[in-house]
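Numbering (numbering that gives the first Met the number 0), first residue to last: 0 to 422.
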Amino acid sequence: MKPPGPKGSLFWGSLKDFQADPLDFLLNASREHGHLARFRFAHLEAYLVNDPELIEEVLLRNSEHFDKDTRSAQKIRATCGDSLLSANQRTWQRHRNLIQPVFQPGFVATMDGVIDQTTEEMLSRWENISKSGDRIDLVAEITALVIDISTKVLFASDIDPGKLETALAIVLDDTWRRLQSPIDLSEISTLFHRKSFKSSLSEIDEIVFGIIKGRRSSRTGHNDVLSRLFEARTENSDKQLSNKELRDAVITLLLAGHETTANALSWAFYLLAREPKKIPIDGNFENVFRETLRLYPSIWIIERRIKERTQIGDHMLKKGASVLISPYVLHRNVKFWEQPEDFNPDRFLETENETRPRNAYLPFGLGKHRCVGLHMATRIATRVLSVVHEKFKLTVASTEKPIPYPGITLRHSNNIYCYVEDV
Ligand code: HEM
Numbered sequence: 000m001k002p003p004g005p006k007g008s009l010f011w012g013s014l015k016d017f018q019a020d021p022l023d024f025l026l027n028a029s030r031e032h033g034h035l036a037r038f039r040f041a042h043l044e045a046y047l048v049n050d051p052e053l054i055e056e057v058l059l060r061n062s063e064h065f066d067k068d069t070r071s072a073q074k075i076r077a078t079c080g081d082s083l084l085s086a087n088q089r090t091w092q093r094h095r096n097l098i099q100p101v102f103q104p105g106f107v108a109t110m111d112g113v114i115d116q117t118t119e120e121m122l123s124r125w126e127n128i129s130k131s132g133d134r135i136d137l138v139a140e141i142t143a144l145v146i147d148i149s150t151k152v153l154f155a156s157d158i159d160p161g162k163l164e165t166a167l168a169i170v171l172d173d174t175w176r177r178l179q180s181p182i183d184l185s186e187i188s189t190l191f192h193r194k195s196f197k198s199s200l201s202e203i204d205e206i207v208f209g210i211i212k213g214r215r216s217s218r219t220g221h222n223d224v225l226s227r228l229f230e231a232r233t234e235n236s237d238k239q240l241s242n243k244e245l246r247d248a249v250i251t252l253l254l255a256g257h258e259t260t261a262n263a264l265s266w267a268f269y270l271l272a273r274e275p276k277k278i279p280i281d282g283n284f285e286n287v288f289r290e291t292l293r294l295y296p297s298i299w300i301i302e303r304r305i306k307e308r309t310q311i312g313d314h315m316l317k318k319g320a321s322v323l324i325s326p327y328v329l330h331r332n333v334k335f336w337e338q339p340e341d342f343n344p345d346r347f348l349e350t351e352n353e354t355r356p357r358n359a360y361l362p363f364g365l366g367k368h369r370c371v372g373l374h375m376a377t378r379i380a381t382r383v384l385s386v387v388h389e390k391f392k393l394t395v396a397s398t399e400k401p402i403p404y405p406g407i408t409l410r411h412s413n414n415i416y417c418y419v420e421d422v
């Protein structure tokens with residue numbers, strides 16, 4: 000039985016509707032067509048899966064029938080080479096085995112000093128802004144802060160985080176632009192890549208290779224991800240990562256980690272500035288961060304390719320088609336979330352939690368591709384929220400309400416300006 004779904008136009012199918020407003024399109028498809036909706040983007044067939052049980056089948060129980068050889072993985076390969084976000088199964092497994100152990104909670108807890116100190120540096124600037132009665136550009140401040148923290152944690156090194164931030168933004172924007180377009184000439188030859196993309200990628204390469212080579216000649220005294228990756232070995236092999244593999248791994252971690260964390264953290268500050276009563280008096284911001292990621296999951300869509308004809312629930316899915324899972328849509332399902340548009344961190348209190356299916360909440364994904372950086376992102380976000388709220392009160396100055404803007408991550412439709420005051 001073919002799953003139901005929006006018809007769309009004869010040639011484009013639903014592509015134009017999706018491009019016009021992806022979040023609205025996906026929300027409507029789930030509301031109108033239920034657990035599994037089928038549609039077409041020009042010649043590509045896709046299924047949107049909206050049910051926790053069926054999602055578990057795709058990402059966990061029957062995951063061998065799906066892979067990540069998707070358009071997004073192909074596009075990201077131009078930047079990350081073959082690593083966690085883009086590699087084929089064998090290379091992916093090798094990288095996963097080497098990288099995942101690095102990000103365990105024990106190591107993540109050693110980041111506190113770096114997080115606190117870097118946040119304090121930002122706050123001393125805010126002190127002057129507060130005195131002058133000026134406003135901060137919230138997302139710009141938090142993005143710069145997260146890049147600064149991430150580079151220190153990844154490769155404790157004296158680089159200019161601003162330069163890296165600009166280059167990464169250009170690379171991500173270009174990747175998203177190519178992903179949205181049905182025709183991508185740069186797939187035929189790298190000659191077709193935009194000039195700005197190429198020069199930004201060379202800048203990133205220069206910085207990252209510079210650090211790796213420097214580290215090969217003097218390896219002592221660092222407690223960062225890079226030094227752990229230098230030492231990493233898989234269980235059954237003594238082979239270390241080459242310079243190119245280290246470069247691919249580090250850029251992957253930067254790309255996957257900085258914008259996701261910065262956007263979620265900016266949303267959290269915005270939500271608390273709008274509803275200060277929700278600031279936790281005990282200083283524990285975990286449920287605030289959880290609830291922020293429910294409303295604004297940085298990875299708003301997860302994609303898999305169907306390797307062979309496969310049954311999910313009552314439906315047969317076609318080989319070669321895409322399966323889409325949207326945490327943004329799932330987290331707004333009224334069956335699991337009361338008043339889903341409300342910001343209510345208390346819904347994550349344990350007693351409230353018990354009635355909800357396990358996989359109704361998936362900001363970090365599920366199964367073998369589950370986010371390797373989830374402890375790191377949570378630690379950075381909760382710590383920064385707590386250090387800032389000990390010293391400053393934020394009030395939203397912008398009149399325009401930001402709405403979620405889906406790019407490679409879930410961004411903000413416009414700048415959010417805030418006044419900052421000493422508490
Ligand atoms: C709030 C912040 C973050 C969110 C919401 C987030 C979300 C996700 C999600 C949903 C996936 C799974 C994608 C899929 O199944 O296709 C994922 C994968 C990944 N994340 Fe995160 N992430 C965050 C922060 C980070 C950080 C800080 C890092 C690293 C420093 C990181 C590194 C990765 C990597 C490397 C993968 C690919 C894993 C694999 O395929 O094996 N993420 N992330």
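Just so you know, even glycine gets a beta-carbon here, dropped at the ideal spot from N, CA and C.
Nothing here was measured: the structure is a model prediction, and the numbers come from that model.
Near the ligand HEM: residue i beta-carbon under 7 Å from a heavy atom
i       : result
Phe-363 : yes
Gly-80  : no
Lys-74  : no
Lys-67  : yes
Pro-296 : yes
Cys-370 : yes
Ile-415 : no
Leu-252 : yes
Gly-256 : yes
Leu-240 : no
Ala-155 : no
Met-375 : yes
Arg-378 : no
Thr-259 : yes
Arg-95  : yes
Ile-301 : yes
Leu-384 : no
Ala-263 : yes
Leu-178 : no
Leu-329 : no
Val-83  : Reading off the sequence, residue 83 comes out as Leu, not Val. Yes.
Leu-292 : yes
Contact under 8 Å by Cβ, residue i with residue j
i       : j       : result
Ser-321 : Ala-45  : yes
Asn-242 : Ile-211 : yes
Glu-202 : Lys-151 : no
Ser-71  : Glu-258 : no
Ala-380 : Ala-272 : no
Ser-265 : His-411 : yes
Ala-248 : His-94  : yes
Thr-117 : Ile-148 : yes
Leu-225 : Phe-154 : yes
Leu-25  : Leu-47  : yes
Cys-417 : Leu-393 : yes
Leu-171 : Ser-297 : no
Tyr-269 : Pro-403 : no
His-374 : Val-107 : yes
Arg-308 : Tyr-360 : no
Pro-425 : Pro-356 : Since the displayed the chain opens at 0 and closes at 422, residue 425 lies outside it and no answer follows.
Pro-423 : Asn-286 : Because the chain in this structure spans residues 0 to 422, residue 423 falls outside the shown range and cannot be described.
Burial state of residue i, where buried means 16 or more other Cβ atoms lie within 10 Å
i       : result
Gly-433 : Because the chain is modelled from 0 through 422, residue 433 falls outside the range shown and cannot be assessed.
Glu-120 : exposed
Ser-195 : exposed
Arg-124 : exposed
Glu-164 : buried
Ser-13  : buried
Asn-49  : buried
Val-422 : exposed
Ile-280 : exposed
Ile-169 : buried
His-42  : exposed
Thr-398 : exposed
Pro-275 : exposed
Glu-426 : The first residue shown for the chain is 0 and the last is 422, placing residue 426 beyond what the model contains.
Pro-100 : exposed
Met-0   : exposed
Leu-9   : exposed
Val-333 : exposed
Gly-256 : buried
Arg-346 : buried
Any chain D beta carbon closer than 8 Å to residue i
i       : result
Ala-376 : The structure shown contains no chain D; it is built from a single protein chain.
* To do: For the segment 51–101, list the alpha helix (DSSP H) runs that are entirely contained and at least 4 residues long, ordered along the chain.
  => 51–55, 70–79, 88–98
* Contained beta strand (DSSP E) runs [length at least 3] in the segment 295–327, N- to C-terminal order -> 301–305, 309–311, 314–316, 321–324
* Could I get the ranges of all uninterrupted beta strand (DSSP E) runs contained in the segment 320–396, with 3 residues as the minimum, in chain order? => 321–324, 391–395
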